[in-house]
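Following full-length UniProt numbering, the numbering of the sequence shown begins with 1 at its first residue and continues without gaps.
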Amino acid sequence: MVQPLGYLRESASQTAGPYVHIGCTPNFTGIHGVFETDLGSGPLVNDKTKGERITVRGRVIDGSGTPLRDALIEIWQADADGFYQSPSETRGTADPNFLGWARCPGDMATGEYVFETIKPGRVPFRDGRLMAPHITFWIVARGINIGLHTRMYFGDEAEANAEDPVLARIEHKVRVPTLIAEREGNTYTFDIYLQGENETVFFDM
């Protein structure tokens, strides 16, 4: 017998903030004793990690051009040889001295995030073509109902970027630069725009 389900109502959606930092980075918010350190706040690299050391920094910016001061950013990337630190990695063994994942709350005054990491190697797309070196970003903040996924590509990898199958799928090529971080010294700057003329390309993942 079919039973009516009209009494089951969809729960109201919630944004990530303002409690996301309390749950994910309690030490950052001044709540100590829950965890020794906040998950994902440790170093990605150590003195044995293979690859070129780089700094990635930027801000998450709203439609008015104002940096968010309560964003939480996570990154996930391959190691210098293009292997992921994951149980599903079957192509080879990832560098045991590279974590591959990190979490950073934006600075409460400036909104800036900073990651000290290494430049990743190229990894294959599902059809075997090599993707350009990139770092995957996940962003949550007050006012964002579902975490946003995007990628950061490297401005000094023009040849690899031109071959990248994901970038090639972006219909409006004028928006591709929103995924490209420019380099100054060993630092790449990647500002993420949630809305507006320079809105970053986000992916449905």
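Even glycine gets a Cβ: it sits at the ideal position worked out from N, Cα and C. What you are looking at is a predicted structure, and each value in this text was computed from that prediction instead of being measured.
Starting from residue i, trace the alpha helix (DSSP H) in both directions and tell me its first and last residue.
i      : result
GLU163 : 158-163
In the structure shown, what three-state DSSP assignment does residue i receive?
i      : result
PRO133 : coil
HIS21  : helix
ALA94  : coil
THR178 : helix
LEU167 : helix
Would you give the residue range spanned by the beta strand (DSSP E) that residue i belongs to?
i      : result
VAL114 : 112-118
PHE154 : 148-154
ILE75  : 72-76
VAL60  : 53-61
ALA102 : 101-105
TYR188 : 187-189
Give the C-beta separation of residue i and residue j to the nearest angstrom, bearing in mind that I take them to be a contact with Cβ-Cβ under 8 Å.
i      : j      : result
VAL114 : THR55  : 7 Å
ILE180 : GLY155 : 5 Å
MET108 : ARG142 : Going by Cβ atoms, the distance from MET108 to ARG142 rounds to 13 Å, so no, they are not a contact pair.
Taking the CB atoms as reference points, tell me whether residue i and residue j lie closer together than 8 Å.
i           : j      : result
residue 206 : GLY58  : Here the chain covers residues 1 to 205 and nothing more, so residue 206 does not appear.
residue 237 : PRO133 : The structure shown does not extend to residue 237, since the chain spans only 1 to 205, so no value can be given for it.
LEU72       : VAL20  : yes
LEU194      : GLY63  : yes
VAL60       : ARG53  : no
VAL174      : MET131 : no
ILE152      : PHE190 : It is Met, not Ile, that sits at residue 152 in the sequence shown. In this structure, PHE190 lies closer than 8 Å to MET152 by Cβ.
THR117      : PHE137 : no
GLU199      : THR178 : yes
ILE170      : VAL201 : yes
### Stretch-stretch touch, CB-based, cutoff 8 Å, three pairs: the region 79-90 with the region 40-55
Short answer: they touch.
### Task
Inspect the CB distances between the region 103-115 and the region 20-29 and report whether three or more fall short of 8 Å.
These segments touch.
### Query
Does the region 32-41 come close enough to the region 87-94 that 3 or more CB-CB pairs lie under 8 Å?
In this structure the region 87-94 does not lie against the region 32-41, because fewer than three pairs of beta carbons, one per stretch, are closer than 8 Å.
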